[in-house]
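Participant: Starting off with a structure, shown below.
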Amino acid sequence: MTTDTIEAPRITNLEIGADGVGVLTIDAPGEKVNTLSAALSAEMQEVIERLETSTDVKALVLLSGKSDGFIAGADVKMLARVRTAEDGERISREGSALLCRLENLPMPTVVAIHGACLGGGLEVALACRYRLASNDPSTQLALPEVQLGLLPGAGGTQRLPRLVGMQAALDMILTGKRVRADRARKMGLVHEVVPREVLRERACQVARALARATQDLGHIPIQPASEKRPAVSVGQLVLQATMPGRAMMYRQVKKSLQKKVGSHYPAPYLALEAVYYSRGHAFQEGLDIESRFFGQLAVSEVARNLMRLFFATTAMKGEGWKDREGHVVPPLPVEKVGVLGGGLMGGGIATLLADKGVRVRVKDRDMESASKAAGYAAKYFGDKVKKRHIRPYQKDMAMGLLSVTDQYTGFGTSNLLIEAVFEDLSLKQRVLRDVEAVTGPDTIFASNTSSLPIAQIAQASSRPQNVVGMHFFSPVEKMPLLEVIVTDKTADPVVATALAIGKKMGKQVIVVRDGPGFYTTRALAAMMNETIKVFVEGASVEAIDRAMRDFGFPVGPMALIDEVGFDVASKVIHVILDAFGNRMQTPDEAFLLFGSGRLGRKNKQGFYLYEDAKKKKEVDPTVYDQMPYGRDRREIPAKLISDRLSYAFMNEAAMILEDGILLSPRDGDIGAIFGLGFPPFLGGPFRYMDTVGIPQVVARLRELKEQCSRSFEPAGILVKMAEEGRTFYNGR
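Each residue of the sequence shown is one higher than the one before, starting from 887 at the first, in this note's numbering.
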């Protein structure tokens, strides 16, 4: 008996023209993007072996068969399976060896880049002799490995600084930022930028010229990558071309890293070491160091958590809303959105919608207030023009999608209305009644509230099935999270539509059940409440903020209250107190603070001083005057401060999951990281509790209950999980 073997479709296809130019097309079957998978590496080995002895191929062109991307980096699933540092080092060495063979082929190589050229994709391009890029906005080059807790592992830390200089290379490698085609040409990363329509034709033309060993290429001379140098100033030349200069740059960058990332992320530090090593040592020695560092990082807990986060967010992008039977519910069409409120939130929401090509109309109580939204959008798109992210005509097109009014005219044709008025229940209910009088029966009403239960707002509605919450975070165009809140009456298509429009706006969207504060505000309120307690007990503003920054939050909670505003914080605390006052009793001194006329940054009166923007932020000493201990602050250990605040957050997050507000631990981790700044390297509150150990979390909560207050009573779900030996992710 015989069985037929079905061969997998090939990822690569080599076509050799009559002129001797070979065109190698990379196109992973059934995949949206190309990645440097084990299968692609194996096929590349075969192709390179053939080319190494070829007499009919005079030059090689590499390009992608995808319509909107080159190579989007390594296969992260493959990297996540690495279990030992030795395995990680081996993967890096094999990748480096493959690209060295590509670089040393007997014929010249030309790479044609269109779309995302990231990570290992850029490392492939760096190993080619000549690089062309399309002038399409989607064409962006980057080495984003640091965002996964890794460093470039196939020669990126060695080839890039040799090509563009140490300073420019570090700027890309340590931040993972994307470089557009024009910028890449100016810095020497690519030789030429051409229209997408002629990219392949020009690449083949360059390849033929290289094969003829001529430099007749018009305005760009052909130079090997190792000889290409961007223009640099005398100061940069001294820093990059001399050992003392490079040593000084190394010290400056390391000091900057210590300030920005502290000790939480090892990848930037090892990447810095690898790049610094690239000058003054043989190329192969640099590759060896890079591979060793890559192996160390690949098995670090930081990299594992960041890769898990990558998988979670990627999976969420492809998920839709499901009904109770598990069927995916299609969203309703949205051609026009109405925004009620032209302030900071309303203006941000309207601007982002217009940026994504959605027609939007903004209403406020008068034209002056409504016009603020147009001003917000004009500045936003103007800044994008200045940065050359868009062209002036694109700004005009986006602005043409946005209109403002002080009446309800034009709102009858809106499929979705997003309310972004002041956080006041009666006001939101009045607005809801007003818009229902001028809109059709299928118009969706979404409230951008941070704490008020959606069901209470919906009590004013004649069609509560159309009411949903869409909690945006400020500033809307920068904060990545959107919290969609559903009540027991919200119709499934309404939820699906809110989810879809949020994704269209580029947001990470989590769906939560209705309740006071939902997920993010309620969990944050628990931490903020404990913050005020610690402050009243005598800890200084600086000590509290420093303790939480050292824990891993990007800003301290006192600075965050200043940014949010004392008035908003007071509103939220009252909502939470009304619902959970038996657990979240707030010290009376807190209300002295919130009633003192301080609003934070918005009126330059908060925990910090804001009069001199150029001066380092300092604490306003008068903030202590109404507090116990006055200006004579007590010394409270930083570890105790961070434990009290972080465990208050995590315990509340567990209760929210137990209450059914959160749909999964994964959503809780994504919401905390992208909405509240919970440290990504810890994986989120639920992943972090798994790492610490649920029994240990329960034990610490009980210690804090004895030492501090009964608010640390462990969540019932945590106690039960500890007894049963369960975790939130069950070892995943």
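Where is the CB? At the ideal position from N, CA and C, for every residue including glycine.
Remember, it's a predicted structure, so these values are computed and weren't measured experimentally.
In this structure, how does DSSP classify H1460 when only helix, strand and coil are distinguished?
Facilitator: It is helical.
Participant: Would you kindly work out how many angstroms separate the C-alpha atoms of I1527 and I1418, rounded to a whole number?
Facilitator: Straight-line Cα distance between these residues: approximately 11 Å.
Participant: Is K1249 helix, strand or coil by DSSP?
Facilitator: Strand at K1249.
Participant: Using CA coordinates, which residue listed in A1476, R1399 and G1516 is at the minimum distance from G1424?
Facilitator: Here the closest residue by C-alpha is G1516.
Participant: Throw me the rounded Cβ distance for the P1361 and G1234 pair, which I believe falls under 8 Å.
Facilitator: With a Cβ gap of about 6 Å, P1361 and G1234 count as contacting.
Participant: Classify F1480 as buried or exposed, calling it buried when 16 or more other Cβ atoms lie within 10 Å of its own Cβ.
Facilitator: F1480 is buried by the Cβ-count criterion.
Participant: For the ligand FAD, is there any heavy atom lying closer than 7 Å to the beta carbon of I1396?
Facilitator: The model depicted lacks the ligand FAD and carries no ligand whatsoever.
Participant: How many angstroms separate the CA atom of D1209 from the CA atom of T1200?
Facilitator: Straight-line Cα distance between these residues: approximately 22 Å.
Participant: Can you grab the Cα-Cα spacing for the pair G1005 / D1498, in whole Å?
Facilitator: Whole-angstrom Cα-Cα distance: 41 Å.
Participant: Are there 16 or more other CB atoms within 10 angstroms of the CB of E972, so buried, or fewer, so exposed?
Facilitator: Counting Cβ neighbours within 10 Å, E972 comes out exposed, since fewer than 16 surround it.
Participant: Mapping DSSP to helix, strand and coil, what is V1354?
Facilitator: Looking at V1354 - three-state DSSP - the assignment turns out to be strand.
Participant: Cutting at 7 Å between CB atoms, please list the residues of its own chain near A1011, excluding the five before and the five after it.
Facilitator: For A1011, where only same-chain residues beyond five positions count, the Cβ hits under 7 Å are V997, I999, C1003 and R1017.
Participant: Taking the alpha-carbon of S927 as reference, which of I957, K1145, A1019 and P1523 has the nearest alpha-carbon?
Facilitator: It is I957.
Participant: Starting from C1014, follow the alpha helix (DSSP H) in both directions and report where the run begins and ends.
Facilitator: It is not in any alpha helix (DSSP H) - C1014 carries neither H nor E in the DSSP assignment.
Participant: Over the uninterrupted beta strand (DSSP E) stretch that includes R1620, give me the two end residues.
Facilitator: Shown here, the chain extends from 887 to 1618; a query on residue 1620 therefore has no answer.
Participant: Whole-angstrom Cβ separation of F1572 and A1539, contact assumed at under 8 Å?
Facilitator: Right, the Cβ-Cβ distance comes to about 7 Å (below 8 Å), so this counts as a contact.
Participant: Would you decide whether R1618 is buried or exposed? Buried here means 16 or more other CB atoms lie within 10 Å of its CB.
Facilitator: That one is exposed.
Participant: If we ignore side chains and look at the alpha-carbon of each, how far apart do N1616 and F1439 end up?
Facilitator: Going by the C-alpha atoms only, they are around 26 Å apart.
Participant: On the criterion of 16 or more Cβ atoms from any shown chain inside 10 Å, does H1152 qualify as buried, or is it exposed?
Facilitator: Note that residue 1152 is Pro in the sequence shown here, rather than His. Buried is the call here.
Participant: Please work out which residues of its chain come closer than 8 Å, Cβ to Cβ, to L1604, disregarding the five sequence neighbours upstream and downstream, and give them in chain order.
Facilitator: These residues qualify, in order along the chain: N1537, A1540, M1575, I1580, V1583, V1584 and L1587.
Participant: Buried or exposed for T1191, going by 16 or more other Cβ atoms inside 10 Å?
Facilitator: A small fix is needed here, since residue 1191 is Asn in this sequence, not Thr. By the 10 Å Cβ count, N1191 comes out buried.
Participant: Closer than 6 Å by C-beta to G955: which residues in its own chain qualify, once you throw out the five before and the five after it? Chain order, please.
Facilitator: Answer for G955: V919, G1001 and A1002, listed in chain order.
Participant: Between the Cα of T1291 and those of L1311, G1227 and F1493, spot the shortest distance and give me the residue it belongs to.
Facilitator: Out of L1311, G1227 and F1493, G1227 has the C-alpha closest to the C-alpha of T1291.
Participant: For the putative contact between D1448 and R1399, defined by C-beta atoms under 8 Å, what is the C-beta separation to the nearest angstrom?
Facilitator: Not quite, the Cβ-Cβ distance comes to about 31 Å (not below 8 Å), so this is no contact.
Participant: Does L1318 come out as helix, strand or coil in the three-state DSSP assignment?
Facilitator: Helix at L1318.
Participant: Closer than 7 Å by C-beta to Q1144: which residues in its own chain qualify, once you throw out the five before and the five after it? Chain order, please.
Facilitator: Answer for Q1144: no residue qualifies.
Participant: Need the endpoints of the beta strand (DSSP E) that G1224 sits in, please.
Facilitator: That run of the beta strand (DSSP E) goes K1222 to L1226.
Participant: With distance defined between alpha-carbon atoms, name the residue in N1468, F1359, R1066 and I1340 nearest to P1350.
Facilitator: That would be I1340, whose Cα lies nearest to the Cα of P1350.
Participant: Taking N899 as part of the beta strand (DSSP E), name the residues at either end of that continuous run.
Facilitator: Where N899 is concerned, the enclosing beta strand (DSSP E) stretches over T898 to I902.
Participant: Kindly indicate the opening and closing residues of the beta strand (DSSP E) around F956.
Facilitator: Note, F956: beta strand (DSSP E), G955 to A958.
Participant: Do G1243 and L1385 have their C-beta atoms within less than 8 Å of each other?
Facilitator: Not in contact: G1243 and L1385 (Cβ atoms no closer than 8 Å).
Participant: Provide the residue(s) that pair with R1066 in DSSP beta bridges, ordered along the chain.
Facilitator: Answer is Q1026, bridged to R1066.
Participant: Give the straight-line distance between the Cα atoms of V909 and K944, rounded to the nearest whole angstrom.
Facilitator: Taking the straight line from one Cα to the other gives about 11 Å.
Participant: Evaluate the contact criterion for the stretch 1169-1184 versus the stretch 1039-1048: three or more CB pairs, one atom per stretch, below 8 Å.
Facilitator: The stretch 1169-1184 is in contact with the stretch 1039-1048.
Participant: Mind checking if A1445 is an interface residue toward chain C, Cβ cutoff 8 Å exclusive?
Facilitator: The structure shown contains no chain C, having only a single protein chain.
Participant: Reducing DSSP to helix, strand and coil, say where Y1615 ends up.
Facilitator: In this structure, Y1615 counts as coil in the three-state DSSP scheme.
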